[in-house]
Amino acid sequence: MGHRGERASCLPLLLLLLAFCRGRVVRVPKGPLIRVMGTEVVIPCNVSDYDGPSEQNFDWEFSRETDFVRIVSTWDSTFTSEEYQKRVGHGDIKLRRSSNDAVELVIRNIQPTDQGRYKCSTPSTDATVQGNYDAEVQVKVISDGLSVSGSKARSSVSLRLSEGDSFKLRCSAITTSPEHTHLHVTWQIKGGSTWRDILSLTHEGKFHPGPGYEERYRNGDIRLDTGANDTYRLSVSQASSVDGGVYRCLVSEWVRGADSSWQKIQEKSVEIASVAIQRTALDVVISTSNVSVTERDSLDLTCNITTDRNGIFQAEVLWYFSASPDDTLSDAQVLLSVDRDSVVSDSTLISLSHVDRNSYRLLVREVDVEDSGYYFCQAAVWVPLHNGSWHKVVERTSAPVSVVVTALEPDYEVFLNASKTPKFSDDPTELNCRITNAQDTEANIRFTVSWYYRQRLRSDDVVTEELLATMDADWTLLLGDRSRERTQNGEIIFSKKTADIFSLRIQWTSESDRGDYFCVISAWSRHRNNSWVKSKDVTSASVSIFWATQGPVFNVSVHSDNPTIYQGELADLLCIVTMEGMALEPDDMSFDVSWFAVRSFALDREPVLLASLDRRGIVMQSRRNGSSDLSLERISPLEFRLRVHGCEDHDFGNHYCVVTPWVRSATGVWQREPDIKAKPIFLSVKMDVLNAFKYPLLIGIGLATVIGLLSCLIGYCSSRWCCKKEVQETRRERRRLMSMEMD
């Protein structure tokens, strides 16, 4: 146990001593380095574990037997011996620094006289001399025994091929080197300015495809075979446009070094052939341009293909349909296709026939509106390969042809009449919408009806029609908002009396039912998929439902004594209702009044609801952002006043009122009359400049007066009490002058 502890304690000390004992290390490759005569030789040298500056200097020397001759130095220009000065001066021998601690000795066109030992030395920059400061490597120069050639007839050939063809190129490579060397053969192509690797047989006997050729190598479309007389054959199947260019055979010679690593000692190449790949021309055209077809007729289109391909090939054709000319093939619908074996896909109403070698006919029977769109065909040319398979060499798509299918519109007219018209309120109303002069109708045509109502107004305002009810293709009744509740209660009845008559009956006609009515008869066509599509609408003339009544005619106007006011003042607006005709008692009439404002001069904005007063006297106000306030009141049976208290600038604009009269009939039933909108009046809000500056001026004058009086008071007090000084007069003695005679 004690000895083990001593060993453990000595281990760190031993490592520390080894660290201190380590010194400079100069390294060169392990020799011998076998190089071929006439090639360029590069011998690297590096140094590590040194002291001093990071950039180190190097000296190279050469020895054939015992003595060393100085070649070149990185720091001493006079270092070179006389026999090497010419080669160093011409650049045949030079040093190439690769880093601060590494250089390369480059010898171009090495000769047998350069065979020998090369020593790399580094001057000492260390504090203490430790380690090694030079290293040697043996270089052996052998003769060039590598020869590379192409075709025996000539060095380079020219080939013109078509897409999909196959071709083979041969290269011969042999070496007579005295050393045990291996060859590395690479087939390359130059399509532009650079060479690209196609396929290699490495010096280790492995096949290696170049970038972009991996898939073709795995499929067997590109192969490299060895044959007799040291030949290397490149086989290319299914040639395409990318295979056009200059081909060369690049051969390098490799030898295994002393450290068992492979080293390339030389490289040669020869251009074998220039290959031109002619693209297969294919033109795909539909024989007709834009087509217009009537519904239930047949659509006949022919796709013509033209190619310059010779020999054996087969064509494949597909017909497509698209709703838009900009759709891609993935978005389009495949109608029919014929493959290279002339097998046609099946369809009931669509047929595809091979008219001749270059024409393919598409026939669509009994077209309908849904067949309107764009038709185009796609063709592809296939050629056989040596292994019995087929290869697609070219594919083209025709320009789309627009096809418009015109629907068969039945010819008919629509007549609307009133079989029952009301003379008083609560009388029944019955309208009949009749289809007349129907021609060219058949079992595939179906008629439906839509009923509309248009209110009659006393003003010139445009009123849009309101949908009462409509039928879809299967005669299902869809109700509008106006008639939904009354139809569900049985007050309004929609019916189909006969095949050509549709009826609308109002059991008890009210004042609000007065107005214009019209019907629309829609014709529906049955398509191939048994769906119904609307093909035509015919609108009837309108029928007016109106009767004379004993109620009065109301008119509304807006008035203001002062439409231009200043900010902060009160604005008074009056909504005045007048009557024409029979007068009513105040208890027999009532009004809903709503005030609106449009915050613009030109009435080009949406109106804003200000306040409303219903006929029960309940006032509702909308939320306001400013400090002004509103009040709405009825000041007489026919007058309603809106007040804006403390007007602000955002209270300007066009103001108007909308009145809804309610009249009580003789039976005591309240009936609502149509809304009446008054002509707007513009309220202008101005700023009162005098009032705006009156109070600030008064405050300023008052403050100035107070400050002035206060300043005078402070000055008076200071002079009266604080700055007063007592002045003592010098007492003078009054003495009379004595006479000089007395003196």
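Residue numbers for the sequence shown follow my numbering, so the first one is 251 and each next one is one higher. Backbone N, C-alpha and C fix where the C-beta goes; we use that ideal spot for every residue, glycine too. Computed from a predicted structure; not experimentally measured.
Whose CA, out of ARG546, GLU333, ASN307 and SER327, lies closest to the CA of VAL319?
-> The sequence position of residue 319 within the sequence shown is 69, counting from 1. Selected option, being the one with the closest Cα: GLU333.
Exposure label - ALA240; buried when at least 16 CB within 10 Å = As displayed, the chain neither begins before 251 nor continues past 993, which places residue 240 out of reach and without an answer.
Does any heavy atom of the ligand MG sit closer than 7 Å to the C-beta of TRP640?
-> Inclusion of the ligand MG in the displayed structure is not the case, the ligand content being empty and no account of it being possible.
Whole beta strand (DSSP E) elements within the region 432–494, 3-residue minimum = 445–451, 457–459, 472–477 and 481–486
At least three beta-carbon pairs within less than 8 Å, the region 650–668 to the region 530–549 | Touching, yes, given that three or more Cβ pairs across the two stretches are closer than 8 Å.
Using three-state DSSP, classify ALA954 as helix, strand or coil.
-> By 1-based counting over the sequence shown, the position of residue 954 is 704. In this structure, ALA954 counts as helix in the three-state DSSP scheme.
Got a sec, what are the start and stop residues for the beta strand (DSSP E) TYR233 sits in?
-> The structure shown does not extend to residue 233, since the chain spans only 251 to 993, so no value can be given for it.
CB-CB under 6 Å to ARG611, same chain, minus the five flanking residues each way: which ones, in chain order?
-> Within the sequence shown, the letter at position 361 stands for residue 611. Cβ within range, chain order: THR552, SER603 and VAL605.
Would you tell me roughly how many angstroms separate the C-alpha atoms of ILE868 and SER844, rounded to the nearest one?
-> For the purposes of this step, residue 868 is taken as residue 618 along the sequence shown, with counting starting at 1. For the purposes of this step, residue 844 is taken as residue 594 along the sequence shown, with counting starting at 1. So the alpha carbons of these two residues sit roughly 12 Å apart.
For ASN682, which option in TYR703, SER745, PRO575 and VAL644 has the closest C-alpha, if you only look at C-alpha atoms?
-> On the sequence shown, residue 682 is found 432 positions in, with the first residue counted as 1. Nearest C-alpha to ASN682: SER745.
Could you give the residue range of the alpha helix (DSSP H) that holds ARG358?
-> Position 108 of the sequence shown, counted from the first residue, corresponds to residue 358. Careful: ARG358 lies outside any alpha helix (DSSP H) and carries neither H nor E.
The region 788–795 touching the region 718–733, judged by at least three CB pairs closer than 8 Å | no
Using the C-alpha atoms, what's the distance from ASP550 back to PHE563?
-> The count along the sequence shown starts at 1 and reaches residue 563 at position 313. The count along the sequence shown starts at 1 and reaches residue 550 at position 300. Roughly 27 Å between the two C-alpha positions.
Close-in-space but distant-in-sequence residues of the same chain around GLU923 (CB under 8 Å, 5 per side omitted) = Numbered from 1 along the sequence shown, position 673 holds the residue referred to as residue 923. Within the same chain, GLU923 has close Cβ partners GLU761, GLY801, PHE804, THR910, PRO911, TRP912 and VAL913.
Decide if GLN689 is buried, meaning its Cβ has at least 16 other Cβ atoms within 10 Å, or exposed.
-> Position 439 of the sequence shown, counted from the start, is the residue given in the question as residue 689. Looking at its Cβ environment, which holds fewer than 16 other Cβ atoms inside 10 Å, GLN689 is exposed.
Own chain residues within Cβ distance below 7 Å of SER399, not counting five before or after = Translated into positions along the sequence shown, residue 399 becomes position 149. Only SER422 and VAL520 meet the Cβ criterion.
Where SER872 and ASN904 are concerned, what is the direct C-alpha to C-alpha distance, given to the nearest angstrom?
-> On the sequence shown, position 622 is the one that residue 872 refers to. On the sequence shown, position 654 is the one that residue 904 refers to. Roughly 17 Å between the two C-alpha positions.
Beta-carbon separation (whole angstroms), HIS340 vs GLN488, contact threshold 8 Å = Position 90 of the sequence shown, counting from 1, holds the residue named residue 340. Position 238 of the sequence shown, counting from 1, holds the residue named residue 488. Between GLN488 and HIS340 the Cβ distance is about 52 Å, and since that is not below 8 Å, they are no contact.
If you pair each beta-carbon of the region 943–962 with each one of the region 924–932, do three or more pairs fall below 8 Å?
-> no
Determine the direct distance from the alpha carbon of HIS430 to that of ASP364, and round the result to whole angstroms.
-> By one-based count along the sequence shown, residue 364 stands at place 114. By one-based count along the sequence shown, residue 430 stands at place 180. Near 21 Å, if we compare the C-alpha coordinates of HIS430 and ASP364.
Contacting residues, own chain, Cβ-Cβ under 7 Å from ARG764 (five flanking each side not counted) = Position 514 of the sequence shown holds residue 764. Cβ neighbours of ARG764 beyond the five flanking positions: ARG706, ILE795 and PHE796.
Beta bridge counterpart(s) of MET839 as assigned by DSSP = Working through the sequence shown from its first residue, we reach residue 839 at position 589. Paired residue(s): VAL913.
Buried or exposed (CB count within 10 angstroms, at least 16 for buried), ILE926 = By one-based count along the sequence shown, residue 926 stands at place 676. Flag for ILE926 reads buried.
Where does ARG970 fall in DSSP's three states?
-> As a position in the sequence shown, residue 970 is number 720, starting the count at 1. Three-state result, ARG970: helix.
Option in VAL631, ASP722 and CYS967 with minimal Cα separation from GLY561 | Position 311 of the sequence shown, counting from 1, holds the residue named residue 561. Ranking VAL631, ASP722 and CYS967 by Cα distance to GLY561 puts VAL631 first.
Taking the Cβ atom as the reference point for each residue, do ASN200 and GLU305 lie within a distance shorter than 8 Å?
-> Nothing about residue 200 can be reported from this structure: the residues present for the chain run from 251 to 993 only.
Who pairs with SER580 in a beta bridge, going by DSSP?
-> Position 330 of the sequence shown, counted from the start, is the residue given in the question as residue 580. Paired residues: none, contrary to the question.
Nearest candidate by alpha-carbon position, reference VAL654, set GLY638, VAL644 and VAL617 = Translated into the one-based positions of the sequence shown, residue 654 becomes position 404. Answer by Cα proximity: VAL617.
Simplified DSSP assignment, three categories, for LYS514 = As a working note, residue 514 is residue 264 in the sequence shown. Note: LYS514 maps to strand in three-state DSSP.
What are the start and end residues of the alpha helix (DSSP H) that includes ARG226?
-> Nothing can be reported for residue 226, as the shown portion of the chain is limited to 251 through 993.
Can you name, in chain order, every residue of its own chain whose Cβ lies under 6 Å from the Cβ of LEU585, other than the five neighbours on each side?
-> For the purposes of this step, residue 585 is identified with residue 335 of the sequence shown, where counting begins at 1. TRP569, PHE571 and ILE600.
Taking C-beta to C-beta, are LEU882 and LEU863 nearer than 8 Å?
-> Along the sequence shown, read from residue 1 onward, the residue named residue 882 stands at position 632. Along the sequence shown, read from residue 1 onward, the residue named residue 863 stands at position 613. Going by C-beta atoms, LEU882 is nearer than 8 Å to LEU863.
Grab me the residues of HIS453's own chain with a C-beta within less than 7 Å of its C-beta, minus the 5 sequence neighbours each way, in chain order.
-> Looking up residue 453 in the sequence shown gives position 203. For HIS453, where only same-chain residues beyond five positions count, the Cβ hits under 7 Å are HIS432, LEU433, HIS434, TRP504 and TRP512.
Within this structure, are the beta carbons of SER878 and CYS897 separated by less than 8 Å?
-> Stepping through the sequence shown from its first residue, residue 878 is reached at position 628. Stepping through the sequence shown from its first residue, residue 897 is reached at position 647. Going by C-beta atoms, SER878 is nearer than 8 Å to CYS897.
Is TRP774 closer than 8 Å to ARG696 when the C-beta atoms are compared?
-> Locating residue 696 in the sequence shown gives position 446, counting from the first residue. Locating residue 774 in the sequence shown gives position 524, counting from the first residue. Yes. Within cutoff.
Residue from ALA723, GLN583 and PRO428 whose Cα sits closest to the Cα of SER781 | As a position in the sequence shown, residue 781 is number 531, starting the count at 1. SER781 has its Cα closest to that of ALA723, out of ALA723, GLN583 and PRO428.
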